[in-house]
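The structure appears right after this line, and notes come after that.
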Amino acid sequence: MTVSAESVPAGHLGRPFIWVGELGSTNDLARLLAGAGCPEGAVVVADRQTRGRGRQGRAWASPAGGLWCSILLYPSVDSPRGLLSMAVAVAVAQTVEQFVPGPAGIRWPNDIVIAGRKVAGILLEAAGAAVVAGIGINVGIELQAMPPEVAAIAGSLHLIAGHPIERRAVLDALLARLADCYSAWAAGGDAVSDAWGSRDLLRGKPIAVLQSGQGIEGVAEGIDREGALRIRTASGAVRPMVAGDVIQVLGPEDPSG
Ligand code: BTN
1326 MTVSAESVPA GHLGRPFIWV GELGSTNDLA RLLAGAGCPE GAVVVADRQT RGRGRQGRAW
1386 ASPAGGLWCS ILLYPSVDSP RGLLSMAVAV AVAQTVEQFV PGPAGIRWPN DIVIAGRKVA
1446 GILLEAAGAA VVAGIGINVG IELQAMPPEV AAIAGSLHLI AGHPIERRAV LDALLARLAD
1506 CYSAWAAGGD AVSDAWGSRD LLRGKPIAVL QSGQGIEGVA EGIDREGALR IRTASGAVRP
1566 MVAGDVIQVL GPEDPSG
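Each residue of the sequence shown is one higher than the one before, starting from 1326 at the first, in this note's numbering.
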C-alpha cells in the first residue's frame, strides 16, 4: 500500500491521504477508516478497483486511468442530506470543466455528463456518523477497457481534451472544489441548489422514473430543497423522487448535455 502526503491541497480535505495501487472499492476502505475513528477529510484513492460499486447496486468498471476516490465527511449541520449529494455533483462538474471544454451537465441524481457522455459518477454511502463520498472520474480511460454497455455511454476527459490529463491534478482540483461546495451546503444549500439547477440536464424534459417498482411519467421540474427530483405528472401534481432511477428520457436529449 502506498501512503502519500505530498501535494495535499489547502483545507481539511486530503488529510490523511492514502493512494493505493489496487483495492476492492475505495468506499470500503474509507468505511473502515470511519469505523476506526479517522477524522473528516480522509481521502482514499486507488489506481484500479476490483469491486467498484455504482448506484443501485451496479458494478462500476474501474480500470487503470480513472480517478477512483473516496472522501470521508462528517456532516454535522442540519442542511438536508439529499442536497449533500448534489453539492458533491456540483463540485465534480466544476472540477472536470477545469480540464476540458465544458459545459458539464448533471443528470439526476448525480451523473456528470459532457457532450452526452457520462464522465463521472458519485456514490454517497453512510458509515455511522460519517458519509463516504465515492467519486469516479474517467480521466484517462480507454473506452475499450470498459464493458461494451458502459463504453457505449461513457466518455473520458483525455478524449474530450485531446491530450493526457494528470489524475493528481484532477484530484487536487476536486478537493478544492469539494471544500467550497461542502461549505455552501453547510451554509444552507441555496447556492448548491442554484448551481445544480444551472447544470440540470433533465429540466423540462418528459421522463419516466422507476420508484419502488412503480413507473412514473411526467416532466422534470428540477430538484427541491431536499435534493429530490420534482416531476409534474399528467394530473398536474408534482411528485418528489427521493429514490429510484431515471429509466428513460422520453423526448430528445440536449446534445450539449
Ligand atoms: C454511479 O453509479 O454513477 C456511481 C459510481 C461511483 C464510483 C466511485 S469510484 C470510487 C468509489 N468507490 C466505489 O466503489 N464506487 C465509488
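Where a beta carbon is used, it is the ideal one built from N, C-alpha and C, also for glycine.
- Query: Does the distance from the CB of residue 1336 to the CB of residue 1501 come in under 8 Å?
  - Reply: yes
- Message: Among the candidates 1564, 1523, 1510 and 1519, whose CA atom is the shortest distance from the CA of residue 1283?
- Response: Residue 1283 falls outside the range modelled here, since the chain spans only 1326 to 1582, and no answer is possible.
- With 16 other CB atoms within 10 Å as the buried threshold, where does residue 1397 fall? Buried is the call here.
- Task: Just confirm the distance between the C-beta atoms of residue 1405 and residue 1480, as a whole number of angstroms; I'd bet it's less than 8 Å.
- Result: The pair is not a contact, with the Cβ atoms about 30 Å apart (cut-off 8 Å).
- Message: With a threshold of 7 Å (Cβ to nearest heavy atom), would residue 1351 be considered close to ligand 1?
- Response: For residue 1351, the shortest separation between its Cβ and any heavy atom of ligand 1 lies below 7 Å.
- Message: In this structure, how does DSSP classify residue 1534 when only helix, strand and coil are distinguished?
- Response: strand
- Query: Roughly how far, in whole angstroms, is the beta-carbon of residue 1527 from the beta-carbon of residue 1376, given that I think they are within contact range, below 8 Å?
  - Reply: Not confirmed; about 30 Å, so no contact.
- Query: Between residue 1453 and the rest of its own chain, which residues show a CB-CB distance below 8 Å, the 5 nearest in sequence each way excluded?
  - Reply: Within the same chain, residue 1453 has close Cβ partners 1359 and 1360.
- Tell whether a beta-carbon distance below 8 Å holds between residue 1424 and residue 1343. no
- Query: Taking C-alpha atoms, which residue in 1442, 1412, 1461 and 1497 lies nearest to residue 1339?
  - Reply: 1497
- Task: Identify whether residue 1332 lies in helix, strand or coil by the three-state DSSP scheme.
- Result: Interpretation of residue 1332 is limited by its pLDDT of 43, a score under 50 that renders its predicted location unreliable; the figure taken from the coordinates is listed afterwards. Coil.
- Rounded to a whole number of angstroms, what is the C-alpha to C-alpha distance between residue 1540 and residue 1488? Straight-line Cα distance between these residues: approximately 42 Å.
- Message: Within the continuous beta strand (DSSP E) that includes residue 1467, where are the two ends?
- Response: Note, residue 1467: premise wrong, no beta strand (DSSP E); not H, not E.
- Query: Measuring CA to CA, which of 1351, 1451, 1450 and 1418 is closest to residue 1438?
  - Reply: 1418
- the region 1456-1473 / the region 1375-1392 touching (three or more Cβ pairs under 8 Å): yes
- Query: Would you say the beta carbon of residue 1374 comes nearer than 7 Å to a heavy atom of ligand 1?
  - Reply: Because some heavy atom of ligand 1 lies under 7 Å away, the Cβ of residue 1374 counts as near it: yes.
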